[in-house]
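There are 2 protein chains.
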Amino acid sequence: MSLEAIVYVVDDDAAMVESLSWIIESVGLKVKIFTQAQDFLDAYKPEQPGCLLLDVRMPGMSGPELQSKLLALNATLPIIFISGHGDVPLAVRVMKAGAVDFLTKPFNDQVLLESINRALRFDKTNREKQQENAQAEAKFALLSPREIQVLQGIVSGKQNKVISAELMISLKTVEAHRASVMKKMSVRSVPELVKLVLTNGVQDPVTQE
Amino acid sequence: MSLEAIVYVVDDDAAMVESLSWIIESVGLKVKIFTQAQDFLDAYKPEQPGCLLLDVRMPGMSGPELQSKLLALNATLPIIFISGHGDVPLAVRVMKAGAVDFLTKPFNDQVLLESINRALRFDKTNREKQQENAQAEAKFALLSPREIQVLQGIVSGKQNKVISAELMISLKTVEAHRASVMKKMSVRSVPELVKLVLTNGVQDPVTQE
DNA sequence: TAGAAATTGAGGGTTTTTCCCTACAAATTT
DNA sequence: AAATTTGTAGGGAAAAACCCTCAATTTCTA
Numbered sequence: 003m004s005l006e007a008i009v010y011v012v013d014d015d016a017a018m019v020e021s022l023s024w025i026i027e028s029v030g031l032k033v034k035i036f037t038q039a040q041d042f043l044d045a046y047k048p049e050q051p052g053c054l055l056l057d058v059r060m061p062g063m064s065g066p067e068l069q070s071k072l073l074a075l076n077a078t079l080p081i082i083f084i085s086g087h088g089d090v091p092l093a094v095r096v097m098k099a100g101a102v103d104f105l106t107k108p109f110n111d112q113v114l115l116e117s118i119n120r121a122l123r124f125d126k127t128n129r130e131k132q133q134e135n136a137q138a139e140a141k142f143a144l145l146s147p148r149e150i151q152v153l154q155g156i157v158s159g160k161q162n163k164v165i166s167a168e169l170m171i172s173l174k175t176v177e178a179h180r181a182s183v184m185k186k187m188s189v190r191s192v193p194e195l196v197k198l199v200l201t202n203g204v205q206d207p208v209t210q211e
Numbered sequence: 003m004s005l006e007a008i009v010y011v012v013d014d015d016a017a018m019v020e021s022l023s024w025i026i027e028s029v030g031l032k033v034k035i036f037t038q039a040q041d042f043l044d045a046y047k048p049e050q051p052g053c054l055l056l057d058v059r060m061p062g063m064s065g066p067e068l069q070s071k072l073l074a075l076n077a078t079l080p081i082i083f084i085s086g087h088g089d090v091p092l093a094v095r096v097m098k099a100g101a102v103d104f105l106t107k108p109f110n111d112q113v114l115l116e117s118i119n120r121a122l123r124f125d126k127t128n129r130e131k132q133q134e135n136a137q138a139e140a141k142f143a144l145l146s147p148r149e150i151q152v153l154q155g156i157v158s159g160k161q162n163k164v165i166s167a168e169l170m171i172s173l174k175t176v177e178a179h180r181a182s183v184m185k186k187m188s189v190r191s192v193p194e195l196v197k198l199v200l201t202n203g204v205q206d207p208v209t210q211e
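Chains as they are written, first to last, in the working numbering: chain A, 3 to 211; chain B, 3 to 211.
Pasting the structure below:
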């Protein structure tokens, strides 16, 4: 059971917000309004799927500032910026920072909805990946230190006797750990295990500059 | 031995080109100039590492048009757009299409060089990945149709007897193919094989089980 | 058309993995 | 104090994988 997507709108302009809501709701999407960036940040829940329609210029915290704070929180909610002013460097900066779109007023309803759909699709596939990753990590957490060492040996293609020599333990012990790893990771073959470890890499959160 | 990176500059403005060349060459980078997009396209060689500094507005083919054509060619050369006019929708469009940056004149030398460095790093890691991929694909090409079927079986964790039943051939034959696959792919263990197939994805047509 | 590669099958043997069982000491948790 | 987890280790047996050689088709290619 997954939650229904919510299109968050963060904009201080009452008329604009109303107009946006009307358009978005007209296609059956759920909308939540915030007139201040901080209010959104306070209410933000990472597990809620959706996307964020974010005004650039606002009193208090600006759109780009909110984007930075969300990035710092490792939030992956796709952001569509909305701006009334044609500031190219700003647009480029927020796009480079991961925004999925940057719309300038006035814009066509269809353009907006298309962008929102794209953002929601983006969010969905992203969440599915995170889901898999979380499940895999939960399994890794079940392994004891010794089991992890054996797992690494298996994944790098070492035979049990090699692992036993490296860890300076008996072949029998390696067999025991190996069986335990397979059980805890709930896989029935080595290829499955390798896939699980490889696709949902234990460490290395991909840091891009 | 890898080729030296080249910073391609495509711009019809002679003064601009000269200024850019001077800045880029001042840090020891190699530059090649084109005053028309078509000229670049004609001279373009996919195997040449580097990046592309591309003016938006030009007589004949525009910058974004060139970007489209390069995309159609599956070219992965990172593109930095240069524009004198603040066109936000255009900037957003080309960024969404994969441009690594979009600079507006006038810009600081340092900003330009930083962007170029980023683009070159981008290109380098990209090429390294493509390199690995190409090597893996070269190995895949060595496999006979039957061997590929057996490979798929192995990677999905099936035992030889299961594979033999599915392909309706003898266990001995599967063993023979299996050995042949390991040899041709130059791996010594199943985990290595799985990694090779997984990281350098060979899109397998969905096999019914 | 002759040779090379692919596909198939087999015999026979070794090595490795897997699975069943047992066992015990130390640390941790309940 | 009792139960569980972790790490250790062994015997024994079945299954699977890994080696080697040999050979009959078919199919592609020089």
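Every residue gets a Cβ at the ideal spot worked out from N, C-alpha and C, and that includes glycine.
- Straight across, the Cα-Cα distance linking Gly52(B) with Asp41(B) is about 17 Å.
- Taking 9 Å as the threshold, the shortest C-beta distance from Ala181(B) to chain A does not fall below it.
- It is roughly 23 Å from the alpha-carbon of Val113(A) to the alpha-carbon of Met60(A).
- Put simply, the CB of Ser158(B) is near chain A, with a gap under 9 Å to one of its CB atoms.
- Within the segment 14-67 of chain A, the alpha helix (DSSP H) runs of at least 4 residues that lie entirely inside it are, in chain order, 16-27 and 39-45.
- Inter-segment contact for the segment 76-92 of chain A and the segment 85-92 of chain B is present: three or more beta-carbon pairs are separated by less than 8 Å.
- Residue-level contact check: Lys186(B) does not touch chain A, since none of the beta carbons of chain A fall below 9 Å from its beta carbon.
- About 7 Å separates the Cβ atoms of Gln38(B) and Asp14(B), confirming a contact at the 8 Å cut-off.
- Looking only at Lys186(A), Leu144(A) and Thr78(A), the smallest Cα-Cα distance to Phe124(A) is reached by Thr78(A).
- Taken through DSSP and simplified to helix, strand or coil, Ser191(A) comes out as coil.
- Think of a sphere of 9 Å around the beta carbon of Thr106(A): the chain B residues whose beta carbon falls inside it are Val90, Pro91 and Val94, in chain order.
- With fewer than 16 other Cβ atoms from the protein chains shown falling within 10 Å of its own Cβ, Pro108(A) counts as exposed.
- Going by beta carbons, Ala99(A) and Leu75(A) fall outside the 9 Å limit.
- Boundaries of the alpha helix (DSSP H) around Thr175(A): Leu173 to Lys186.
- Residue environment: Met170(A) is assigned as exposed (fewer than 16 neighbouring CB atoms within 10 Å of its CB, all protein chains considered).
- Within the same chain, no residue comes within 7 Å of Thr127(B) by CB-CB distance, once the 5 residues on both sides are set aside.
- The residue from Asn162(B), Ala45(B) and Val196(B) with its alpha-carbon nearest to that of Ala138(B) is Val196(B).
- Against chain A, the beta carbon of Ser191(B) has neighbours under 7 Å at Gly159, listed in chain order.
- According to the DSSP assignment, Asp125(B) belongs to the alpha helix (DSSP H) that extends over Asp111 to Ala143.
- Of the other Cβ atoms in all chains shown, fewer than 16 fall within 10 Å of the Cβ of Arg190(B); this residue is therefore exposed.
- DSSP places Val102(A) outside any beta strand (DSSP E), giving it a letter other than H or E.
- Closer than 9 Å to the CB of Met97(A) there is at least one CB belonging to chain B.
- Closer than 9 Å to the CB of Glu134(B) there is not a single CB belonging to chain A.
- For Ser166(A), the enclosing alpha helix (DSSP H) begins and ends at Asn162 to Leu169.
- Val9(B) has Val33(B) and Cys53(B) as its beta-bridge partners, per DSSP.
- The secondary-structure analysis by DSSP pairs Ser4(B) with nothing; it has no beta-bridge partner.
- Under DSSP, Ser85(A) forms a beta bridge with Thr106(A).
- At a cut-off of 9 Å, the C-beta of Thr127(A) has no neighbouring C-beta in chain B.
- Around the Cβ of Pro48(B), a 10 Å sphere holds fewer than 16 other Cβ atoms; the residue is exposed.
- Counting only the Cα atoms, Arg148(A) lies some 32 Å from Met187(B).
- Interface criterion not met: the Cβ of Asp13(A) is under 9 Å from no Cβ in chain B.
- The DSSP-derived three-state label of Ala77(B) is coil.
- Excluding its 5 nearest sequence neighbours in each direction, Ser64(A) has C-beta neighbours in its own chain below 8 Å: Ala39 and Val58, listed in chain order.
- Contacts with chain A at 9 Å (Cβ-Cβ) do not include Thr78(B).
- Listed by position along chain A, the residues whose Cβ is nearer than 7 Å to that of Lys197(B) are Val196 and Leu200.
- Rounded to whole angstroms, the separation of the alpha carbons of Pro66(A) and Leu5(B) is 39 Å.
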